[in-house]
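Have a look at the structure below before the remarks.
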Amino acid sequence: MGLVKLLAASVTGLLLTVGGTVALSSGTGITCGLTAASRADATQHPAVAGYSGDQLANAADIINAGAQLGLTAQAQTLGVMTAMGESSLVNLDHGDTAGPDSRGLFQQRATWGSLAERMDPATSARLFFQRLTALTGWEKMTPSAAASAVQINADPEHYAPFFVPATDVVTALTASAAGACGVGGDAVALAQQLVTAADNGQLRGLVPDHLKEIRWIASGQTVPDCGIDTRILQVMVLAVNQFHQVGVSDINRKCTGQLLGAGTQSSHWINGGGGAVDFYSLGGRSLTGADGQSLRLIGLLDPVMPTGARIGQADCRREAGINMALVHFTQFDDTCNHLHLDVAFTDDPMIR
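Add 89 to a position in the sequence shown, counting from 1, and you land on the number used in the numbering used here.
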């Protein structure tokens, strides 16, 4: 089929193949910290989006430079995207007619630093990230516009074609390092984080509005039949932290009176509702349950979910030739226009 690339996180043992099995290493502990990559493993990694060998090793250096500065996957992806647009992830020792003194992965000119700094992948990446984070409002700009502002490129769309390949490369090289780390168990605090994300445009909903359920919790209000399981709030915070832009279509259907699918037997409805969440987009990309973003979220969450948690769209993955050997999630069939996750049939907490 060619759609599913190796999205392996070698540190955790996650392996995705077309027509094969997704195997999750059950013996791997949850590693706290930011998303990182192994340069040595990247060099040997199968090609991703047409990039391989030293190109992927250079991408790993960019990813790790971002992690060292405390930056999220959003910034790391933006850095890889920019280097793709400047050098095809090749550490060039020359410039072009427009910038004869440009050097390195980011084609930085002499004003950026010494030749040695610009020719060192990790250092040049740090120089890029330092200028990126000094740019007010970069998080709300389109990735290409943010990169163009840093690189002083007159064409704000120059880097746009490289965003999807960069996302694929970062997904393939990074491990599920976030786990449940840094995500507390206080429902009000979690909801407040999500309200901030919603106000920043990072968390979006559809009609009817389920985000109001989060806002009530964040303000300390208890609205009958409009609660949300704390574990669902934790999952949503983890998703926002990893993908920066998250779209949610359904949470507590009892609150909104939606009698869809399983009706009053739905995991969105039973036990007062709020035991499930439907994601329709991650990182600005629509979901089918068998796409790369869905697979990445499943891989990130499976190690920390309680046994008995359920993940939908199993039939969508089968049709795409993807088999998943999951440790904690139970899979079931669902429509291929979102990714369903629920904890409605287990009382166990998230694994920390």
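Quick reminder that beta carbons are idealized off the backbone N, C-alpha and C, glycines included.
- Leaving aside the five residues that flank Val284 on each side, the residues in its chain whose CB is nearer than 7 Å to its CB run, in chain order, Ile303, Arg304, Ala307.
- A check of alpha carbon separations from Thr256 across Asp422, Arg320, Gly168 identifies Gly168 as the nearest.
- In this structure Asn147 touches Leu178 by the C-beta definition: roughly 5 Å separates them, less than 8 Å.
- For the options Asn426, Gln240, Pro392, the alpha carbon positioned closest to that of Leu327 is the one of Pro392.
- If you look at Ala205, you'll find it in the alpha helix (DSSP H) that goes 204-208.
- With a cutoff of 8 Å on beta-carbon distance, Ile151 and Gln163 are scored as not near each other.
- Selection Asn426, His417, Ala398 evaluated against Cys405 yields Asn426 as nearest (Cα-Cα).
- About 5 Å separates the beta carbons of Leu262 and Ala131, which is inside the 8 Å limit, making them a contact pair.
- The region 370-380 and the region 430-440 do not touch, with fewer than 3 CB-CB distances between them shorter than 8 Å.
- Listed in chain order, the non-local C-beta contacts of Leu145 below 6 Å within the same chain comprise Ala131, His134, local neighbours out to five positions each way being set aside.
- Here the region 347-361 makes no contact with the region 384-398; the two share fewer than three CB pairs at distances below 8 Å.
- Take Ser191, set aside five residues on each side of it, and the residues of its chain with a beta-carbon closer than 6 Å to its own are Gly184, Arg198, in chain order.
- Straight-line spacing of the CA atoms in Ala172 and Gln420 works out to 38 Å.
- It is roughly 31 Å from the alpha-carbon of Arg293 to the alpha-carbon of Ala243.
- For Ile400, the beta-bridge partners assigned by DSSP are Gln420, Leu430.
- Measuring C-alpha to C-alpha distances from Phe434 to each of Trp358, Asn412, Gln219, Asn153 identifies Trp358 as the nearest.
- For Phe368, the enclosing beta strand (DSSP E) begins and ends at 365-371.
- Between the alpha carbons of Met208 and Leu194 lies a distance of about 8 Å.
- Between Ala154 and Ser127 the beta-carbon gap is near 14 Å, outside 8 Å, which marks them as no contact.
- When the alpha-carbon of His429 is set against those of Ile411, Leu295, Ile400, the nearest one is in Ile400.
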